[in-house]
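To keep things clear, I will list the structure first and then write my remarks on it.
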Ligand SMILES: O=P(O)(O)OC[C@H]1O[C@H](OP(=O)(O)OP(=O)(O)O)[C@H](O)[C@@H]1O
Ligand code: HPA
Ligand SMILES: [Mg+2]
């Protein structure tokens, strides 16, 4: 699939699965002693987090509810425009709820920083983040992230939900994209 477009496999399907199970355990432990009136509310950030959200939710040994937001700041570029647009908002009020944002990647951090500010104004009981990937060298803003799957180098990656111009989301692993694909 996508022959010649993927330069290397950075994180295999098996590694994603193992790390997701570890993250799920850590997250369950985090909320174990928290007095909760409602189930933990997972807020998946579409579209990138789709596969991580569904696998992570099923690995979690505690009951959760799911909401989705769709935001976009990349379009068909390999760097963030910094302008975050809400394409789909939450369906429900999150006031008083324990909310966990589920992200696929924190790159510049601009999307998450904007999202945290936005959701905080809605008065959740707590607001934390789990992300599968993070690029420490690319980070432009300070964002507090409670749970990180993998810190990765500052390269453009695709697969397992992550796209370049909407392609490659359906790869089961995380790979680096050959620069020839985006004219690099
Ligand atoms: O830390 P940042 O530099 O802001 O980048 C991270 C964000 O960018 C991607 O979303 P994108 O805007 O590409 O939308 P998508 O999930 O629909 O692909 C990714 O899914 C994160 O939400
Ligand atoms: O490396 C990336 N790949 C795909 N989408 C992204 N959005 C932010 N960073 C990336
Ligand atoms: Mg994208």
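Residue numbers (the numbering used here): 102 to 285. Glycine included, each C-beta is placed from N, C-alpha and C at the ideal position.
Beta-carbon contacts of residue 121 that lie in its chain and below 6 angstroms, excluding the five residues immediately before and after: Start at 1 with the first residue of the chain shown, and residue 121 comes out as number 20. Once the five neighbours on either side are set aside, the close Cβ partners of residue 121 are 156, 157, 160.
Local conformation of residue 156 per DSSP, three classes: On the chain shown, residue 156 is found 55 positions in, with the first residue counted as 1. In the structure shown, residue 156 adopts helical secondary structure according to DSSP, grouped into three states.
By the 10 Å Cβ neighbour count, where 16 or more other Cβ atoms means buried, how is residue 266 classified, buried or exposed? Against the chain shown, residue 266 aligns to sequence position 165. Residue 266 comes out exposed.
Under the three-state reduction of DSSP, which class applies to residue 214: helix, strand or coil? Reading the chain shown from its first residue, position 113 is the one you call residue 214. DSSP places residue 214 in helix when its eight states are reduced to three.
What first and last residue would you give for the beta strand (DSSP E) that runs through residue 144? Mapped onto the chain shown, residue 144 falls at position 43. Unbroken beta strand (DSSP E) run through residue 144: 141-147.
Tell me whether residue 225 is buried or exposed, calling it buried when 16 or more other Cβ atoms sit within 10 Å of its Cβ. For the purposes of this step, residue 225 is identified with residue 124 of the chain shown, where counting begins at 1. Label assigned to residue 225: buried.
One question on the structure: do residue 148 and residue 170 come within less than 8 angstroms of each other, judged by their Cβ atoms? Taking the first residue of the chain shown as position 1, residue 148 is located at position 47. Taking the first residue of the chain shown as position 1, residue 170 is located at position 69. Taking 8 angstroms as the Cβ cut-off, residue 148 and residue 170 do not qualify as a contacting pair.
Ligand 3 heavy atom lying under 7 angstroms from the CB of residue 264: Your numbering for residue 264 matches position 163 in the chain shown. For ligand 3, at least one heavy atom lies less than 7 angstroms from the Cβ of residue 264.
Helix, strand or coil at residue 108 [DSSP, three-state]: Position 7 of the chain shown, counted from the first residue, corresponds to residue 108. Here residue 108 sits in strand by DSSP.
Residue 137 - partner residues in DSSP beta bridges: The residue you call residue 137 lines up with position 36 of the chain shown. Bridge partners of residue 137: none, in fact.
I need the straight-line Cα distance from residue 247 to residue 200, nearest angstrom please. Translated into positions along the chain shown, residue 247 becomes position 146. Translated into positions along the chain shown, residue 200 becomes position 99. Their Cα atoms are separated by approximately 12 angstroms.
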